[in-house]
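Structure first, then comments.
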Amino acid sequence: MPFFSISGSDFVEMFVGVGASRVRDLFKQAKENGPCIIFLDEIDAVGRRRGGGFSSGGHDEREQTLNAILVEMDGFEQSDQVIVIAATNRSDVLDPALTRPGRFDRQVQVTLPDLVGRRKILEVHAANVKMGQDVDLDRLARGTPMFSGADLAALINEAAILATLGNQDHVELHDLEEARDKIRFGRARKSRKIEERERVATAYHEAGHTLVQAMLEEADPVHKVTIIPRGQAMGATFSLPERDRYGYGLRYLSATMRVLCGGRIAEERKTGDISSGASMDIQMATNYARHMVLEWGMSERLGFVRYSGQDSQEMYVAERDYSPETARIIDEEIKRLIDEAYEATRRMIDEHWTKVEAIAEALLKYETLQSDEVKVLVDGGTLDRPTVADLLSAESNTPSPPTGADASDDDEEPTGDVLPSPA
Ligand code: ZN
121 MPFFSISGSD FVEMFVGVGA SRVRDLFKQA KENGPCIIFL DEIDAVGRRR GGGFSSGGHD
181 EREQTLNAIL VEMDGFEQSD QVIVIAATNR SDVLDPALTR PGRFDRQVQV TLPDLVGRRK
241 ILEVHAANVK MGQDVDLDRL ARGTPMFSGA DLAALINEAA ILATLGNQDH VELHDLEEAR
301 DKIRFGRARK SRKIEERERV ATAYHEAGHT LVQAMLEEAD PVHKVTIIPR GQAMGATFSL
361 PERDRYGYGL RYLSATMRVL CGGRIAEERK TGDISSGASM DIQMATNYAR HMVLEWGMSE
421 RLGFVRYSGQ DSQEMYVAER DYSPETARII DEEIKRLIDE AYEATRRMID EHWTKVEAIA
481 EALLKYETLQ SDEVKVLVDG GTLDRPTVAD LLSAESNTPS PPTGADASDD DEEPTGDVLP
541 SPA
């Protein structure tokens, strides 16, 4: 299928009017070649909210280009078989006109690639560059957690430049490693040490949730757990409700609140610090506690009574028929429920700390664990599966040696130099 692409940043330095006519040409060509795809990269370069007050030299040009895009997108006929896709890292600054129905009305979040994804992306970019014998893309994929597709493309490109500067006719491992460090520094603007520390904190945070969830029968079973960031969250523990719930039992609620507390507690015990990573957990636990007290009659002090009133973020504001005294008790009861859950969870995590460690270290190694693997670790076992990168290399190096021996050999290798070794 024909594919037309242009990047928003290409328009920025153009003379007034050129960008708009480029857009018209592009859409005209696409319509003549349908079915086809138009891809507008870095749409935010022209698609920022208009009238935002920051006008630069390119302002008029930007606006004219944006208008041209809007006009073209509205001008499709039923018979035009053109799909228009745009990409941005800043969907929050886009002009609302762009995301209206009939324009860019579907949003797809592209998360950072995992190990397999990174390996495949590296393969694509490495195909255009001559690589030395010592280059091991699996290893490189393992050593680039949190890299985006663009970072990986830049890594290969940078390594090729370094090789050229060194008068080599091919890229060697040390070029790739130097390029990787350069990009990581430029990208994150934080040191490797800090990045590694955050990864460890995330792994222990998720391990805390996972342990509590796996050990409490009343909680939803663990589905999988990952430390690959998605959206704003650094990691995630997924549960698998066994059936749709139409109501909540007290035992289920207190188990769920403990699961929510587990992340912060494990993270704090490992790092000696606390982070904003628990904000969603805190919000959810507070919500449960509020409902338990206000609507579900689960506080003995307040009894079988529904307390209507205004439930602000900071405290409960009762309607006039409740005394300030009652409002105070409501706030106390919400806090008590959460405090009790927190203390019980702390005891549990202290008691089973070696299991939390086992889960966290497995997360640092494999990034994602499935429910059966969590069960093995909670039961005191160890995982001996090879990492994804091991499997991929076994696949590509056919004929493969006996897989059992191969896998255990690879397992003893350090898991790439950015990953902390198991404590
Ligand atoms: Zn959490």
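When you read off a place in the sequence shown, starting at 1, and then add 120, the result is the number in this note's numbering.
Every residue gets a Cβ at the ideal spot worked out from N, C-alpha and C, and that includes glycine.
> Among all residues, which have a Cβ less than 5 Å from at least one non-hydrogen atom of the ligand ZN, and in what chain order do they fall?
Replying inline: G383 and D401
>> So, with DSSP's three-state summary, where would you put S125?
In response: Residue 125 sits at position 5 when you count from the first residue of the sequence shown. S125 sits in a strand when the DSSP states are folded into three classes.
> So, helix, strand or coil for I347, using DSSP?
Replying inline: Taking the sequence shown and counting its residues from 1, one reaches residue 347 at position 227. In the structure shown, I347 sits in coil (DSSP, three-state: anything other than H, G, I, E or B).
>> Quick check on this structure: which residue in L257, L373 and V204 has the alpha carbon closest to the alpha carbon of H245?
In response: Within the sequence shown, residue 245 is the residue found at index 125, counting from 1. H245 has its Cα closest to that of L257, out of L257, L373 and V204.
> Taking the continuous beta strand (DSSP E) assigned at T488, which residues delimit it?
Replying inline: Reading the sequence shown from its first residue, position 368 is the one you call residue 488. First-last of the beta strand (DSSP E) with T488: T488 to Q490.
> What first and last residue would you give for the beta strand (DSSP E) that runs through A206?
Replying inline: Here residue 206 refers to the residue found at position 86 of the sequence shown. Unbroken beta strand (DSSP E) run through A206: V202 to A206.
> Roughly how many whole angstroms lie between the Cα atoms of A405 and L380?
Replying inline: Against the sequence shown, residue 405 aligns to sequence position 285. Against the sequence shown, residue 380 aligns to sequence position 260. Whole-angstrom Cα-Cα distance: 6 Å.
> If we ignore side chains and look at the alpha-carbon of each, how far apart do L160 and I458 end up?
Replying inline: The residue you call residue 160 lines up with position 40 of the sequence shown. The residue you call residue 458 lines up with position 338 of the sequence shown. Using only the alpha carbons, I get a separation of about 48 Å.
> A270: buried (16+ other C-beta within 10 angstroms of its C-beta) or exposed?
Replying inline: Within the sequence shown, residue 270 is the residue found at index 150, counting from 1. That one is exposed.
> Roughly how many angstroms lie between the CA atoms of S491 and F358, to the nearest whole one?
Replying inline: Counted from its first residue, the sequence shown places residue 491 at position 371. Counted from its first residue, the sequence shown places residue 358 at position 238. Using only the alpha carbons, I get a separation of about 9 Å.
> Of the residues Q184, R169 and D164, which one's Cα is nearest the Cα of V138?
Replying inline: Counting from one through the sequence shown, the residue named residue 138 turns up at place 18. When each option's Cα is compared against that of V138, the closest is Q184.
> Looking at C-alpha atoms only, which residue of E298, R169 and A299 is the closest neighbour of A217?
Replying inline: Along the sequence shown, one-based indexing puts residue 217 at 97. It is R169 whose Cα lies nearest to the Cα of A217.
>> Here's the rule I'm using: 16 or more other beta-carbon atoms within 10 Å means buried, otherwise exposed. How should V367 be labelled?
In response: Here residue 367 corresponds to residue number 247 of the sequence shown, with the count starting at 1. Reading off the sequence shown, one finds Gly at residue 367, where the question assumed Val. Exposed, because fewer than 16 other Cβ atoms sit within 10 Å of the Cβ of G367.
>> So, for P521: in the same chain, excluding its five sequence neighbours on each side, which residues have a beta-carbon less than 7 Å away from its beta-carbon?
In response: The residue labelled residue 521 in the question sits at position 401 within the sequence shown. Low confidence applies here, because P521 scores a pLDDT of 42, under 50, leaving its location unreliable; read the following figure in that light. So no residue of the chain qualifies.
> If you run the structure through DSSP and keep just helix, strand and coil, what is A261?
Replying inline: Taking the sequence shown and counting its residues from 1, one reaches residue 261 at position 141. In this structure, A261 counts as helix in the three-state DSSP scheme.
> Per DSSP, L160 forms a beta bridge with which residues?
Replying inline: For the purposes of this step, residue 160 is identified with residue 40 of the sequence shown, where counting begins at 1. DSSP, once it has assigned bridges, lists I126 and A206 as partnering L160.
> Out of curiosity, what's the CA-to-CA distance linking E326 and T219?
Replying inline: Walking along the sequence shown from the start, residue 326 turns up at place 206. Walking along the sequence shown from the start, residue 219 turns up at place 99. Spanning the two alpha carbons is a distance of roughly 35 Å.
> What span of residues does the alpha helix (DSSP H) with A279 cover, start to end?
Replying inline: Residue mapping note: residue 279 aligns to position 159 of the sequence shown, counting from 1. Per DSSP, A279 belongs to the alpha helix (DSSP H) from G269 to L285.
>> Taking the alpha-carbon of L235 as reference, which of V255, S211 and L260 has the nearest alpha-carbon?
In response: As a working note, residue 235 is residue 115 in the sequence shown. Each of V255, S211 and L260 was checked against the Cα of L235, and the nearest Cα belongs to L260.
>> Quick check: what's the CA-CA separation for A308 versus G392?
In response: Here residue 308 corresponds to residue number 188 of the sequence shown, with the count starting at 1. Here residue 392 corresponds to residue number 272 of the sequence shown, with the count starting at 1. Summary for A308: the model assigns pLDDT 48, below 50, so the residue's position carries little reliability, and this model does not support an answer.
>> Taking its Cβ as the centre, do 16 or more other Cβ atoms sit within 10 Å of S175, making it buried, or is it exposed?
In response: The sequence position of residue 175 within the sequence shown is 55, counting from 1. Confidence in S175 is poor, its pLDDT being 46 and thus under 50, which makes the residue's placement unreliable; the coordinate value appears in the next sentence. Exposed.
> Terminal residues of the continuous alpha helix (DSSP H) containing E463?
Replying inline: The residue labelled residue 463 in the question sits at position 343 within the sequence shown. From DSSP, the alpha helix (DSSP H) with E463 extends over P444 to E471.
> Just the Cα atoms here: how many angstroms apart are R421 and E453?
Replying inline: Indexing the sequence shown from 1 puts residue 421 at position 301. Indexing the sequence shown from 1 puts residue 453 at position 333. Taking the straight line joining both Cα atoms gives about 8 Å.
> Grouping DSSP H, G and I as helix and E and B as strand, with all else coil, what is H290?
Replying inline: Looking up residue 290 in the sequence shown gives position 170. Assigned with DSSP and collapsed to three states, H290 falls in coil, not helix or strand.
>> Judging by CA-CA distance, which residue of V204, L186 and S129 is the nearest neighbour of K151?
In response: Residue 151 sits at position 31 when you count from the first residue of the sequence shown. For the residues V204, L186 and S129, the minimum Cα distance to K151 belongs to V204.
> For the 8 Å Cβ check, are there 3 or more pairs between the stretch 333-344 and the stretch 400-420?
Replying inline: no
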